[in-house]
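Asker: The opening position of the sequence shown corresponds to residue 190 in the numbering used here, with each subsequent residue numbered one higher. Glycine included, every Cβ here is placed at the ideal spot set by N, Cα and C.
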Amino acid sequence: MDGKVNDLHRQLYDELPVGVILVSHDEEERILYHNKAMLEELQCASDEDFHRCTSDCFAGLYHDEGSASVQDLVYSSAHLNNDQVFCSFVTRTALGHLRRLECVTRKGDEVGRDCWLIVIVNASDRNEQLGLSQKITKVQSADIFFTKALEIAKEDKAKGEFGVHVPIYFNLTNFKRYNELFGYEKGNRLLDEIAYIIIEELPEAYVTHMAADNFLALAKKDDLTARLEQVCHRVNNFIHENDITLKVGIRYFHKDASLNELKASFDDAGIACATIKHEPRQMWAVYNEEMKKQALLRRYVITHFEEALRNHQIDVYYQPVMRTLSHKVCSLEALARWQDDTYGLIMPDDFVPILEDVHLIDRLDRYIVKAVIEDLQKQMKEGPIVPVSINFSHYDFDILDMVHLLDEYASQYHIPRDYLRVEISEKGLGKDNRQTRETIEQLRAKSYHVSIDNFGKGFASLELLKRYKFDEIKLDMEFMSCFDEETKNILSSLVSLAKKMKIHIVAEGVETQPQHDFLVNIGCEKIQGYYYCEPLRFDDLKAYGQAHHLEYETALDAQIYDQAGLISMTEMATAIYYSDGQKAYLLAMNDYYRAALDVAQWDQLKDPHYVIDYQHFLPGHGFSEFIREAGLSSEMMDLTFLKNNVFYLLQVKRIAGPLDHQIFMTHLYGIEDRGDVFSAHHEMMNYMMSKSLRLFVGVFFLDYKRNRFVTVRSHFHQDIKIEESNASIDDTLERIAAQYVYKDDRRRFLRFMQKEHIIRETKASATEEVIMYFRLCASDGSYKWYGMVFSYSMMQVMTRRMCMWFSIPGAVRSALRKWNSIIMKHTILKSSMIMKISN
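#1: Whole angstroms are fine: how far does the CA of glutamate 923 sit from the CA of alanine 523?
#2: Can you tell me whether tryptophan 473 is buried or exposed? The criterion is at least 16 other CB atoms within 10 Å of its CB, across all chains shown.
#3: Could you tell me which residues DSSP puts in a beta bridge with cysteine 966?
#4: Locate the alpha helix (DSSP H) running through serine 600, then write down its first and last residues.
#5: Determine the extent of the alpha helix (DSSP H) in which asparagine 311 is found, giving its start and end residues.
#6: Of the choices Gly811, Val835, Asp796, whose alpha-carbon is the least far from that of tyrosine 803?
#7: Considering only DSSP beta bridges, list what glutamine 508 is partnered with.
#8: Please report the residue range of the alpha helix (DSSP H) in which serine 685 lies.
#9: Taking all protein chains shown into account, do 16 or more other C-beta atoms lie within 10 angstroms of the C-beta of leucine 201, making it buried, or fewer, making it exposed?
#10: Alpha carbon to alpha carbon, what distance is there between glutamine 631 and leucine 939?
#11: Going by C-alpha distance, which of Ile388, Leu407, Phe275 is nearest isoleucine 333?
#12: Can you tell me whether leucine 290 is buried or exposed, with buried defined as 16 or more other CB within 10 angstroms of its CB?
#13: Does alanine 927 pass the burial test, meaning 16 or more other C-beta atoms within 10 Å, or should it be called exposed?
#14: On the three-pair Cβ rule with 8 Å, is the stretch 604 to 611 touching the stretch 577 to 589?
#15: What separation, rounded to the nearest whole angstrom, lies between the Cα atoms of tyrosine 721 and glutamine 704?
#16: Pairing CB atoms from the stretch 226 to 238 with CB atoms from the stretch 459 to 476, are three or more of them under 8 Å?
#17: For the alpha helix (DSSP H) containing methionine 669, name the first residue and the last one.
#18: How many angstroms separate the CA atom of asparagine 500 from the CA atom of threonine 743?
#19: Determine the burial state of cysteine 519: buried for a count of at least 16 other Cβ atoms within 10 Å of its Cβ, exposed for fewer.
#20: Ignore the nearest five residues each way along the sequence and tell me which others in aspartate 728's own chain have a CB closer than 8 Å to its CB.
#21: When we look at the beta-carbon of threonine 531 and count the other beta-carbons within 10 Å, is it buried (16 or more) or exposed?
#22: Who are the near neighbours of histidine 516 in its chain, counting only those whose CB is closer than 8 Å to its CB and skipping five residues on each side?
#23: In this structure, how does DSSP classify lysine 655 when only helix, strand and coil are distinguished?
#24: Consider the C-beta atom of glutamate 291 and the heavy atoms of the ligand PLP; say whether any pair is separated by less than 7 Å.
#25: Please report the straight-line C-alpha distance between glutamate 945 and leucine 680, rounded to a whole angstrom.
#26: Tell me whether glycine 249 sits in a helix, a strand or coil according to DSSP, three-state version.
#27: If we count Cβ pairs, one from each stretch, closer than 8 Å, do we get three or more for the stretch 491 to 511 versus the stretch 431 to 440?
#28: Over the uninterrupted beta strand (DSSP E) stretch that includes valine 639, give me the two end residues.
#29: Within the continuous beta strand (DSSP E) that includes valine 695, where are the two ends?
#30: What whole-angstrom Cβ distance do leucine 417 and tyrosine 358 have, given they're in contact under 8 Å?
#31: Counting Cβ pairs closer than 8 Å, one from the stretch 812 to 828 and one from the stretch 839 to 847, do we hit at least three?
#32: Tell me methionine 826's beta-bridge partners as DSSP assigns them.
#33: In whole angstroms, give me the CA-to-CA distance for serine 822 and tyrosine 506.
#34: So what does leucine 725 bridge to, in DSSP terms?
#35: Below 8 Å, can you find three or more Cβ-Cβ pairs linking the stretch 761 to 778 to the stretch 846 to 858?
#36: Per DSSP, what are the beta-bridge partners of proline 847 in this structure?
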């Protein structure tokens, strides 16, 4: 084969009755030599057959779960001594049969270079001498089993009953792990138990033990799946390990099938069995032709993957992620596409699971990382860039150092770390793995954002949010495939949960306008899918963006919108606005806010294109000054106004950004809808009331019916902070007295604040006012005098409540008396009061 194997070695190896191969000790692991016995093991008639069967690489010889690398096999297998390692794997012969091989491997230099010397035997031959057939008489050797199976098939065919007996393939997943946990002796006992259970549940069946973790059976198809489920239940209960389970493949025949189909039928059953290896709740699978196509594709992927990397047949495509608030591209997701001469376009769902099974996925992920960073560096020279998410397999946590890999490339290509994001599929995070958790923590500590992909697809999605810390959740696209009311309720709950946990959220697979509009309304922060753009190559995406006017966020955009995206839109009347310092532009509002605008008959504010000009909005209420004050504060600011005979409370809070580039959150409430007829002077009253409101730095309703102390307006400029709580009125007043009132004034304050005292004093007053002064604590520790003024006349619209007002200007009381007297002439007084405090 290679020409470097000397004649002495060639003569020696060709005389051996067992297979021998030499494999290069490098990443490609090429087969440098094979002896004659190896041709027999693979049922090859010539060296050309061997080449077609294996592509002259170890990965082409390997047809098993787990790693297709000699290096990984050596490190994960049993060491016989310091130099030799025992391992086993499944191969597919030139005739298409699956065969379990056992081998002893050691390092050597027989070809003048480092290589692996691998001595191989057929596990079935060894089992005839050492297997279960010595212990369990009904478990037959492979030769006897297949001979008997052919005889039965001929008899059934003669009777016109071909297909009455069904080929069955049993596989014990992760048997190697069972041996590691409990030892080889208990592993042998487990195989005995499996054989006994199969024989008891399928008493008419013929059974053979093909290899360490595989059994074959030929059984009648009567009630077959129920009996096989019983076998699985009994075996799995005996093992009692969630990740070590028995799986079954079934190969049914059509009545007109030929005897030739029997030859590969057990291999077909094995193919069916392999399809459910990672399905925790599925015990058996029935073979179909599509499975065979997938098996052929699997073999093709394994044997041609390295060639695809060398020839750059694997391309990186990018799909934009759109932010619903900014309507701009906020990031991209990198997706692998395999352009193959034989199969055409091979999608990730078809080749990534195969690479994961054979532990070659790290080679793909390294390749993608390098390609993405090269594209980012190229784009940085041409204009602004946005972060790119790269999908990593959960196997990467064990195979490679992700933190070092990203650091190395980011440093080499001068890419800021926060432009590289890591996506990890939910599927691989089921177990609480300390190494995985530590790696995620290290990535986040170094400013690499970490997302959990396909969220909501697994059985323990919410548990993962407790176990691991993520920056972002990407909802599985399956939510979009069945977009019914139940799905909508689930999505609303997930979006609300994410915002409460301060985790960003993306909906994937969005394709239609109704899906888009619903997600926007519930406050879903980001959307990805064909609704905006399909995945494209980097240069094609740039052209598409120019043609469809896709804008990309700046770094400042990302900073402020990231904070705004965490605002909950599912629990109260909420809208989000962008402000340039002079005007406000609607970004989003929910149905509650829209309903409040309907009640207020404020239709223009529902128009997404309506621009709020601060100079002309709510005339007479000093809105420009109010919004500027809100823009300088981190507190929620309140503005009360009358519209259509209803008092409203507008709450505004700055979320992020400088004065000329800010995001505001707003809430809108109707304080009380009167329902009775107002006089012709209500506009004048509204003007006076609004002016009065702006004279006070604090407005608090004492709702005695519900025993609640409610904050309406609180602008004490940090001197005094009285926040709404669930405490009763008396408890709240006690707390105010203890925290803010000077100790010598506290008893007088509490006596003055008694409801009966206030009612008696205000009724006795000629002006229906009662005034009292107290010393309240300022932020610097000093005490200032504040006056409290209770008045009936200002409370004509707040029935069954008292209201406490705090005011700063000392000259305001005379003006208030004049306004109150005017209001009293035009209103029917209610049994309510207002308390004003001025210094």
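Answerer: Quick look at the numbers:
#1: 60 Å
#2: buried
#3: Tyr972
#4: 591 to 602
#5: Run containing asparagine 311: none in the alpha helix (DSSP H); it sits in the beta strand (DSSP E), 304 to 311.
#6: Gly811
#7: Glu522
#8: 674 to 689
#9: exposed
#10: For leucine 939 and glutamine 631, the distance between alpha carbons rounds to 55 Å.
#11: Leu407
#12: buried
#13: exposed
#14: yes
#15: 12 Å
#16: As far as the Cβ criterion goes, the stretch 226 to 238 does not touch the stretch 459 to 476, which means the pair count is below three.
#17: 667 to 670
#18: 36 Å
#19: buried
#20: none
#21: exposed
#22: Glu740
#23: helix
#24: Among the components of this structure there are no ligands whatsoever, and the ligand PLP is therefore not found.
#25: 51 Å
#26: Taken through DSSP and simplified to helix, strand or coil, glycine 249 comes out as helix.
#27: The stretch 491 to 511 vs the stretch 431 to 440: no contact.
#28: 638 to 644
#29: DSSP places valine 695 inside the beta strand (DSSP E), whose first and last residues are 693 to 696.
#30: So it is not a contact: roughly 11 Å between Cβ atoms.
#31: Segment contact: the stretch 812 to 828 against the stretch 839 to 847, three or more CB-CB distances shorter than 8 Å; contact assigned.
#32: Val841
#33: 44 Å
#34: Tyr507
#35: yes
#36: DSSP lists no partner for proline 847.
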